[in-house]
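Chemist:
In the numbering used here, the protein residues as written are 1 to 588.
1) When you compare only the Cα positions, how much space is there between residue 14 and residue 144?
2) When we look at the beta-carbon of residue 357 and count the other beta-carbons within 10 Å, is it buried (16 or more) or exposed?
3) Can you tell me the Cα-Cα spacing of residue 570 and residue 141, whole angstroms?
4) Would you tell me roughly how many angstroms separate the C-alpha atoms of residue 174 and residue 191, rounded to the nearest one?
5) Whole angstroms are fine: how far does the CA of residue 494 sit from the CA of residue 375?
6) Under a three-way DSSP split, which group does residue 459 fall into?
7) On the DSSP letters alone, give me the boundaries of the alpha helix (DSSP H) that residue 172 sits inside.
8) Helix, strand or coil for residue 188 per DSSP?
9) Per DSSP, what kind of secondary structure is residue 341 in: helix, strand or coil?
10) Between the C-alpha atoms of residue 435 and residue 441, what's the straight-line distance to the nearest angstrom?
11) Suppose you measure from the CA of residue 445 to the CA of residue 502; what does that come to, to the nearest Å?
12) Are the beta-carbon atoms of residue 71 and residue 107 separated by less than 8 Å?
13) Can you grab the Cα-Cα spacing for the pair residue 299 / residue 448, in whole Å?
14) For residue 306, list the residues DSSP reports as bridge partners.
15) Enumerate in chain order the residues of its own chain whose CB-to-CB distance from residue 578 is below 6 Å, with the five nearest sequence positions on each side excluded.
16) Identify which residue in 538, 267 and 526 has its Cα closest to the Cα of residue 546.
17) Kindly provide the ranges of any beta strand (DSSP E) runs that are 3 or more residues long and lie completely inside the stretch 534–565, ordered along the chain.
18) Drop a sphere of 10 angstroms on the beta-carbon of residue 512, count the other beta-carbons inside from all chains shown, and report buried for 16 or more, exposed for fewer.
19) As a quick exercise: from 228, 185 and 231, pick the residue whose alpha carbon is nearest that of residue 221.
20) Determine whether the Cβ of residue 531 lies closer than 8 Å to any Cβ atom of chain C.
21) Taking the beta strand (DSSP E) that residue 33 belongs to, which residues open and close that run?
22) Note down the Cα distance separating residue 247 from residue 39, rounded to an integer number of angstroms.
23) So residue 46 packs on residue 132, CB below 8 Å; how close in whole Å?
24) By alpha-carbon positions, which one of 151, 56 and 109 ends up nearest to residue 62?
25) Can you tell me the Cβ-Cβ gap for residue 282 and residue 295, rounded? I've got them flagged as a contact below 8 Å.
26) Are residue 336 and residue 349 closer than 8 Å when you measure CB to CB?
27) Use the C-beta contact count for residue 292: other C-beta atoms within 10 angstroms, 16 or more gives buried, fewer gives exposed.
28) Quick check on the DSSP output: the beta strand (DSSP E) that includes residue 159 runs from which residue to which?
29) Does DSSP put residue 265 in a helix, in a strand, or in coil?
30) Taking Cβ positions, are residue 235 and residue 211 nearer each other than 8 Å?
31) Thinking C-alpha only, which one of 103, 111, 73 and 390 is nearest residue 54?
32) What's the gap between the Cα of residue 590 and the Cα of residue 459?
33) Quick check on DSSP: helix, strand or coil for residue 585?
34) Any idea what DSSP makes of residue 510, helix, strand or coil?
35) May I ask you to list the residues that DSSP assigns as paired with residue 140?
36) Which two residues bound the contiguous beta strand (DSSP E) that contains residue 394?
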């Protein structure tokens, strides 16, 4: 069979794009369009390395086969420019990126590659950075033949689902190609300029002895330069694909799941980080009265440290838990907000000298929020016994050995510092997304609500009793009114981050579902929501979580991956206690 295919491929290559430098082509064996999409994605790894040496227009880059590089790939060169300073504190928050140019990889070793300059904006030099953009690759799938047109649509959908690409809709491609006589280099460049896309996949489909011979030629849209050609015999084992059904764009990320053993205590809050700098993640839990730090080892949970609560704090109630390196010493701090004896205060714990110590304490509430363009920031708000949240939240920075309040963060009227996220959706300014008192999502532009969800994203809230304002007030109010006036419900956690590297944030939020015998939730899902310009819509979801999500934490990995750690309560029965475990989702 291979002796028949190879000459056929060589003939077919003459009617496709950029044939001058064709190399002998191998033939893959695929059983689904998903495998073809994965093969294409391998040519666009999210990688970044350093320029090691420059000789005229040739340079050596510290990226190689181990990073997914192949000859003909295009890398962008850039270097760090001037410092960006915080407008209030003057602290360095980043650097301007200066683009140097682009290079074409000519030869690839295991850990380094040689490339030639294709576009030069500045003279490249050792120490410059080289990368393939982590943002989504915009491309078009162009059918070369009329046979099996549904496969072009299926391939575009599968590429979208990987989260690495933004493929043009098939109707736009068809409209552009209408009345175009030739599919050549000039057409590729014209298409690239018209749609502002990065690449074109020219797809040929040819029936061969009951199978499909597929050629997918990957071409850079800017100059019609060929990256490579994938040739495969496609045997569709999926009935849906064989019939030409189109799967909707639903999950642009892939997730895998791993569950931990049950925890030995009833944890309520969770955060994950490498607290001691040894490269291994630790888990910090709060049972609402004290902190527990554990490592997850092959044999199960291993206790690292458990907080000793002094007698004066036996009635403490933790309200929130966050981790981040705000003081800049390369070790994440643990931020806890708590209520004790009718007062709210926050304290900070950090790894020191092989143990964990409380290093700071200040009045009021604290939490971390991701500022678009600035990263994680610590914000605080004052506490008042009557109104609970008081004053305008402020950003706290580390200065002269203290956490110092600075720039204000105005919030919509009546909103406290929990239960919201700031997101970059490509709008003129970041939008604020928050839970309302019925667990519906509200999107604000500044302080004006512009959209509200119809569905509820039910949370396991934290209930806090405000201190009574006097014996007379307690005695004259009915019990229901007393409870309503004294109980405050703090909403659950919400995060906004650009997980799939398309330049826009997704809102991560748990959604607890159903009700068990005693009114508890029976299952949950983690949803990733995107903004389409008018509303939030579900981009992806991890369904079937076997109990309510109490809290969750996220750790970014390299190459666009992330770990979502969910703290899940498994409801017990009439004669068994509830259990708590961590279920981890790897997102790519």
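Glycine is no exception: its CB is placed at the ideal position from the N, C-alpha and C atoms. Predicted, not measured: the structure shown is a model, and the values here were computed from it.
Modeler: Well, looking at it:
1) Reading the chain shown from its first residue, position 14 is the one you call residue 14. Reading the chain shown from its first residue, position 144 is the one you call residue 144. Caution applies to residue 14, whose pLDDT of 38 falls short of 50 and renders its modelled position unreliable; the model cannot decide the point.
2) One-based indexing of the chain shown puts residue 357 at position 357. Looking at its Cβ environment, which holds fewer than 16 other Cβ atoms inside 10 Å, residue 357 is exposed.
3) Position 570 of the chain shown holds residue 570. Position 141 of the chain shown holds residue 141. Straight-line Cα distance between these residues: approximately 46 Å.
4) Within the chain shown, the letter at position 174 stands for residue 174. Within the chain shown, the letter at position 191 stands for residue 191. Distance between the alpha carbons of residue 174 and residue 191 is about 12 Å.
5) Residue 375 sits at position 375 when you count from the first residue of the chain shown. Residue 494 sits at position 494 when you count from the first residue of the chain shown. Approximately 15 Å between the Cα atoms of the pair.
6) Locating residue 459 in the chain shown gives position 459, where the first residue counts as 1. Note: residue 459 maps to coil in three-state DSSP.
7) As a working note, residue 172 is residue 172 in the chain shown. Unbroken alpha helix (DSSP H) run through residue 172: 170–177.
8) On the chain shown, position 188 is the one that residue 188 refers to. Helix.
9) Walking along the chain shown from the start, residue 341 turns up at place 341. The answer is coil: DSSP assigns residue 341 none of H, G, I, E or B.
10) In the chain shown, residue 435 corresponds to position 435, counting from 1. In the chain shown, residue 441 corresponds to position 441, counting from 1. So the alpha carbons of these two residues sit roughly 5 Å apart.
11) As a position in the chain shown, residue 445 is number 445, starting the count at 1. As a position in the chain shown, residue 502 is number 502, starting the count at 1. Near 22 Å, if we compare the C-alpha coordinates of residue 502 and residue 445.
12) Reading the chain shown from its first residue, position 71 is the one you call residue 71. Reading the chain shown from its first residue, position 107 is the one you call residue 107. In this structure, residue 107 lies closer than 8 Å to residue 71 by Cβ.
13) Here residue 299 is taken as the residue at index 299 of the chain shown, counted from 1. Here residue 448 is taken as the residue at index 448 of the chain shown, counted from 1. Each residue's alpha carbon lies about 52 Å from the other.
14) Here the question's residue 306 lines up with position 306 in the chain shown. Residue 306 is bridged by DSSP to 292.
15) Your numbering for residue 578 matches position 578 in the chain shown. Hits under 6 Å: 569, 571 and 572.
16) Here the question's residue 546 lines up with position 546 in the chain shown. Among 538, 267 and 526, the Cα nearest to that of residue 546 is on 526.
17) 536–545 and 549–556
18) Counting from 1 along the chain shown, the entry for residue 512 is found at position 512. Buried: at least 16 other Cβ atoms inside 10 Å.
19) As a first step, residue 221 is located in the chain shown; it is residue number 221 there, counting from the start. For the residues 228, 185 and 231, the minimum Cα distance to residue 221 belongs to 185.
20) Any reference to chain C falls outside this structure, which holds one protein chain only.
21) As a working note, residue 33 is residue 33 in the chain shown. For residue 33, there is no enclosing beta strand (DSSP E); the enclosing alpha helix (DSSP H) has its first and last residue at 33–41.
22) Locating residue 247 in the chain shown gives position 247, where the first residue counts as 1. Locating residue 39 in the chain shown gives position 39, where the first residue counts as 1. Residue placement at residue 247 cannot be trusted, given a pLDDT of 33 that sits under 50; what the coordinates show is reported in the next sentence. Those two C-alpha atoms are separated by around 19 Å.
23) Translated into positions along the chain shown, residue 46 becomes position 46. Translated into positions along the chain shown, residue 132 becomes position 132. Yes, residue 46 and residue 132 are in contact; Cβ-Cβ is about 6 Å, under 8 Å.
24) Walking along the chain shown from the start, residue 62 turns up at place 62. Ranking 151, 56 and 109 by Cα distance to residue 62 puts 109 first.
25) One-based indexing of the chain shown puts residue 282 at position 282. One-based indexing of the chain shown puts residue 295 at position 295. Going by Cβ atoms, the distance from residue 282 to residue 295 rounds to 6 Å, so yes, they are a contact pair.
26) Working through the chain shown from its first residue, we reach residue 336 at position 336. Working through the chain shown from its first residue, we reach residue 349 at position 349. Yes. Within cutoff.
27) For the purposes of this step, residue 292 is taken as the residue at position 292 of the chain shown. Residue 292 is buried by the Cβ-count criterion.
28) The residue you call residue 159 lines up with position 159 of the chain shown. That residue, residue 159, is in no beta strand (DSSP E); its alpha helix (DSSP H) goes 149–161.
29) Along the chain shown, read from residue 1 onward, the residue named residue 265 stands at position 265. Note: residue 265 maps to coil in three-state DSSP.
30) Against the chain shown, residue 235 aligns to sequence position 235. Against the chain shown, residue 211 aligns to sequence position 211. Yes, they are a contact pair.
31) Mapped onto the chain shown, residue 54 falls at position 54. Comparing Cα positions, the closest option is 103.
32) Residue 590 is absent from the structure shown; the chain starts at 1 and stops at 588.
33) Looking up residue 585 in the chain shown gives position 585. If DSSP states are grouped into helix, strand and coil, residue 585 belongs with the strands.
34) Working through the chain shown from its first residue, we reach residue 510 at position 510. Strand, per DSSP.
35) Residue numbering aside, residue 140 sits at position 140 when the chain shown is read from its first letter. Partner(s): 200.
36) In the chain shown, residue 394 corresponds to position 394, counting from 1. Per DSSP, residue 394 belongs to the beta strand (DSSP E) from 388–399.
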